[in-house]
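Novice: Chains as they are written, first to last, in our numbering: chain A, 342 to 710; chain B, 42 to 332. Every residue gets a Cβ at the ideal spot worked out from N, C-alpha and C, and that includes glycine. Bear in mind that the values here come from a model prediction, so they are computed numbers and not experimental data.
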């Protein structure tokens, strides 16, 4: 109730404070100033329909006139046409950001439901026609499932290392890069007959920079990035499989520095939002998404590790979190799998068998589907 | 008789007093209302100018005169949010929603504060509540669509983001997120259309430019993709995504040349990689190898 009273008195207060006093006997003129004065007089006399007519004319002649737009907002508000009023007030603010009254009025009116905006029909562009055709063909094929469970339909499989970077090397000469690639290719093949679509960061023995691996995951709009590795230790005793996911906290000062740099880029990316005390909704959404991705990575990591425990004759070394570059830059949940220790002779022997690598690929696939 | 006159007189006096009281309170309430309006107007002005403490003072003064003023409360809630005093902000918006359960502005901010907290389910419920009150609320559709996008539930993301777009087609972010949802399921014509609409509203929306680059890249039009990412770098030369995308593209071109055994051409591409991304290990290694 008070809000409505405020609108009523607010207009009155503003009309007087802005010096908008009715000028008796003033007739219609054709200049924007004359039209605006007429509109103002009509508002004072509560003849809002007439006010709207002259003020619409005024803003058509001069679409950069904030005063006329502000008056038009008041006239529409007088008529009870809230959406039109908000549009006019917003136009006034866009032209003159210092117009506190118009901004305030637009905000007040927008606090509660507004009638739906009127749609204007326009001729379609060729791209619009193509989009409609595509939508008819494609959208029916996509499952519409309610609920907020995470959906993994696309996965990017990253075979760690490659090319000049062999990764860890076993005592018997087994190279990590080769094992990683073989498991990745086997997994990719296996997923072809499943509903999960998969992509590879590398298909042969060549080096792919870490940055390019996450770029590939982003390129294919993956729902999950799975990076396959084999562990190593100076001590030959450790053995077994473990799963990593990216942790929220930076593990080193260097990582903190990188994050700070990236955040500064993010800010630079949206210069139009640089205003004191501005609430950046997109930043809120970005952080929210990141939190969800970390949470999801944690869950998926546990899911994988449980499958390894069940299907692989490896000791389960559990789930850990760390700040891996390859995981950090991914715009989706991501996990890094350490499928045994190449530095352990028993593990190395197993990893050198193609049948065993297929077993690993099967266990990873089970964690996915 | 005297008693009767006295009673009559007393009645008259009471009647006059009642009139006085009515007039007094009406005038006083009118004056109060004007004070509230002035305080709110001043508060808005300070708020716009970024003077949050002065603005808050004005809104608090207005709320002392009228504790249920929804607009002043919402403004106070926003200022608390800006100051990252989320609990106070939440309670303020909650108060508004109790005064008027249809104040969708307050409900929206409660939803946003749930997002800040990372509470997906409550945020989702809150935005749905808004839609049940106001079926054309673009913001509520936008947030629900975004949540579905984050859950990679593309069909639902598209459904809600389309509603957000149809309710308010002037938001670049809505077009961008809808484009991404289409892009996630390879609906490239729709994705391209929405990216273009994003750029029509804000030509510096580099994230949309970068994504258009990927559409070209995945269509094997690498040169056109590189042009897009270079466009981004003209707007923001520190855009890490654009740098890494270009590096990947040049490396890809280099490998293509290498496969055709055109080593000099491959080297040219790796040199380009290093120019844009001097730390690129692959380019460094292969340039050394084929020196």
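1) Please classify residue 663 of chain A: does DSSP put it in a helix, a strand, or coil?
2) If you run the structure through DSSP and keep just helix, strand and coil, what is residue 585 of chain A?
3) Which residue wins for smallest C-alpha separation from residue 459 of chain A, given the options A:425, A:383, A:660, A:500?
4) Please state whether DSSP places residue 406 of chain A in a helix, a strand or coil.
5) Should the segment 548-557 of chain A be called in touch with the segment 645-652 of chain A, which here means at least 3 C-beta pairs below 8 angstroms?
6) So what does residue 495 of chain A bridge to, in DSSP terms?
7) So, residue 220 of chain B versus residue 239 of chain B, is the Cβ gap smaller than 8 angstroms?
8) So, with DSSP's three-state summary, where would you put residue 567 of chain A?
9) Beta carbon of residue 541 of chain A, beta carbon of residue 498 of chain A: below 8 angstroms?
10) State the DSSP-derived secondary structure class of residue 510 of chain A, mapped to helix, strand or coil.
11) Could you tell me which chain B residues have their CB closer than 9 angstroms to the CB of residue 550 of chain A, listed as they occur along the chain?
12) Taking 8 angstroms as the CB-CB cut-off, is residue 132 of chain B touching chain A?
13) Going by DSSP, name the residue or residues bridged to residue 679 of chain A.
14) Only counting the same chain, and skipping five residues up and downstream in sequence, which positions put a Cβ closer than 7 angstroms to that of residue 103 of chain B?
15) For residue 326 of chain B, which residues of its own chain have a beta-carbon under 8 angstroms away from its beta-carbon, when the five flanking residues on both sides are left out?
16) Taking 8 angstroms as the CB-CB cut-off, is residue 112 of chain B touching chain A?
17) Does chain B have any CB closer than 8 angstroms to the CB of residue 646 of chain A?
18) Would DSSP call residue 424 of chain A helix, strand or coil?
19) Spatial neighbours of residue 576 of chain A within its chain, please: CB distance less than 8 angstroms, with the 5 preceding and 5 following residues excluded, ordered by chain position.
20) In whole angstroms, what is the alpha-carbon distance linking residue 242 of chain B and residue 528 of chain A?
21) Run down chain A in chain order and give the residues with a C-beta less than 7 angstroms from the C-beta of residue 159 of chain B.
22) Are there 16 or more other CB atoms within 10 angstroms of the CB of residue 320 of chain B, so buried, or fewer, so exposed?
23) For residue 658 of chain A, which residues of its own chain have a beta-carbon under 7 angstroms away from its beta-carbon, when the five flanking residues on both sides are left out?
24) Alpha carbon to alpha carbon, what distance is there between residue 568 of chain A and residue 512 of chain A?
25) Which bits of chain A does residue 138 of chain B rub up against, with CB to CB less than 8 angstroms?
26) For the segment 193-213 of chain B, which residues have a beta carbon sitting closer than 9 angstroms to at least one beta carbon of chain A?
27) Closer than 9 angstroms, Cβ to any Cβ of chain B: which residues of the segment 484-516 of chain A, in chain order?
28) Can you have a look at residue 696 of chain A and say buried or exposed, based on whether 16 or more other CB atoms are within 10 angstroms of its CB?
29) Between residue 583 of chain A and chain B, is any beta-carbon pair separated by less than 8 angstroms?
30) By Cβ distance, which residues of its chain are closer than 8 angstroms to residue 123 of chain B, with the 5 residues on each side in sequence left out?
31) Let me know the secondary structure DSSP gives residue 500 of chain A once reduced to three states.
32) Consider the Cβ of residue 305 of chain B: report whether some Cβ of chain A lies at a distance smaller than 8 angstroms.
33) When DSSP builds the beta bridges, which residues end up paired with residue 516 of chain A?
34) With burial defined as no fewer than 16 other Cβ atoms inside 10 Å of the residue's Cβ, what is the status of residue 23 of chain B: buried or exposed?
35) May I ask you to verify whether the segment 634-646 of chain A touches the segment 194-210 of chain B, counting CB pairs closer than 8 angstroms and requiring at least 3?
36) Along chain B, in chain order, which residues have C-beta atoms closer than 9 angstroms to that of residue 642 of chain A?
Specialist: For this structure:
1) strand
2) strand
3) A:425
4) coil
5) no
6) A:538
7) yes
8) strand
9) In this structure, residue 541 of chain A sits near residue 498 of chain A, with a CB-CB distance shorter than 8 angstroms.
10) strand
11) Those are 285, 288, 289, 292, 318, 320, 321, 322, 323, 324, listed as they occur along chain B.
12) no
13) A:570, A:583
14) 77, 80, 81, 84, 110, 113
15) none
16) yes
17) no
18) helix
19) 684
20) Cα to Cα, the separation comes out at about 43 angstroms.
21) 629, 632
22) exposed
23) 581, 582, 583
24) 24 angstroms
25) Ordered by position in chain A, no residue passes the 8 angstroms Cβ test against residue 138 of chain B, which lies about 11 angstroms from the chain.
26) Hits within the stretch, in order: 193, 194, 195, 196, 197, 199, 200, 207, 208, 209, 210.
27) Of all residues in the segment 484-516 of chain A, only 484, 485, 486, 487, 488, 489, 490, 491, 492, 493, 494, 495, 504, 505, 506 place a beta-carbon less than 9 angstroms from a beta-carbon of chain B.
28) exposed
29) no
30) 93
31) Correct three-state label for residue 500 of chain A: strand.
32) Taking Cβ atoms only, chain A never reaches closer than 8 angstroms to residue 305 of chain B, which makes this a no.
33) A:510
34) No information on residue 23 of chain B is available, as it lies outside the stretch 42 to 332 that chain B covers here.
35) no
36) Correct list: empty, because the minimum Cβ distance to chain B is about 17 angstroms.
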